[in-house]
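Trainee: Sharing a structure here in structure tokens format.
In the numbering used here, the protein residues as written are 343 to 517.
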């Protein structure tokens, strides 16, 4: 799992080896990587490959059909409508069937009466080369929208988002 901590630089935290938070704003669920201070931890496209490598290492020895990869983000795109977006792997016009199914179920779980979730296929670095049975990226909110940016600040809203994501994972696992 990989996360970004956008305001980490303004906080005093424990060392990355203790908290998994780099001063460069990348978080990896991999102690070996976090113990090193290096420029490679700075956000850039190569970090997408690092995320996949870490996930694939954790998938070794697991039954493939029992593995999922979920990358959670908050988008900041002026051209995209507000609300959640589930992205499945679509590469060179070819749709990854498991990824698409996972995204469809996640879309349903992310839907709310006042704001429908969207679904889209893309060839993203965190989805390509991933050894999980199904992999998706979820843009939980589009913070370019002022209302969406405001809502993400409140733990109750984030908790509800987390519950909807968990529901999507369970829907996929139970199918």
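The C-beta atom is built at its ideal place from N, Cα and C for all residues, glycine as well.
The beta strand (DSSP E) that contains residue 476, what's its start and end?
Mentor: Note, residue 476: beta strand (DSSP E), 476-484.
Trainee: Going by the CB atoms, is the gap between residue 394 and residue 484 shorter than 7 Å?
Mentor: No. Outside cutoff.
Trainee: Compare the C-alpha of residue 477 against each of 464, 500, 502 and name the closest.
Mentor: Comparing Cα positions, the closest option is 464.
Trainee: Am I right that residue 428 and residue 449 are in contact with their C-beta atoms under 8 Å? What's the rounded C-beta distance?
Mentor: The pair is a contact, with the Cβ atoms about 5 Å apart (cut-off 8 Å).
Trainee: For residue 413, I'd like the list of residues in its chain whose CB is within less than 6 Å of its CB, leaving aside the five on either flank, ordered along the chain.
Mentor: So the qualifying residues of the chain are 468, 479.
Trainee: Would you kindly work out how many angstroms separate the C-alpha atoms of residue 410 and residue 466, rounded to a whole number?
Mentor: Taking the straight line joining both Cα atoms gives about 16 Å.
Trainee: Whose C-beta lies closer than 6 Å to the C-beta of residue 460 among residues of the same chain, with five residues either side of it excluded?
Mentor: 427.
Trainee: Out of 497, 404, 489, 495, point me to the one whose CA is closest to residue 424's CA.
Mentor: Closest by alpha carbon: 489.
Trainee: Which same chain residues, not among the five before or five after residue 415, have their C-beta less than 6 Å away from its C-beta?
Mentor: Same-chain partners within the cutoff: 481.
Trainee: Ends of the beta strand (DSSP E) at residue 552?
Mentor: Nothing can be reported for residue 552, as the shown portion of the chain is limited to 343 through 517.
Trainee: Just to confirm, are residue 509 and residue 451 a CB contact at a threshold of 7 Å?
Mentor: Yes, Cβ-Cβ distance for residue 509 and residue 451 is below 7 Å.
Trainee: Residue 500 and residue 507 look like a contact to me (Cβ under 8 Å); what is the Cβ gap, rounded to whole Å?
Mentor: Going by Cβ atoms, the distance from residue 500 to residue 507 rounds to 10 Å, so no, they are not a contact pair.
Trainee: Around the Cβ of residue 441, are there at least 16 other Cβ atoms within 10 angstroms (buried) or fewer (exposed)?
Mentor: Label assigned to residue 441: buried.
Trainee: With a Cβ-Cβ cutoff of 7 Å, do residue 497 and residue 419 count as a contact?
Mentor: Not a contact, by the Cβ cut-off of 7 Å.
Trainee: Straight-line CA distance for residue 435 to residue 455?
Mentor: Taking the straight line joining both Cα atoms gives about 32 Å.
Trainee: May I have a chain-ordered list of the alpha helix (DSSP H) segments no shorter than 4 residues that lie completely inside the region 376-458?
Mentor: Correct list: 388-401, 439-452.
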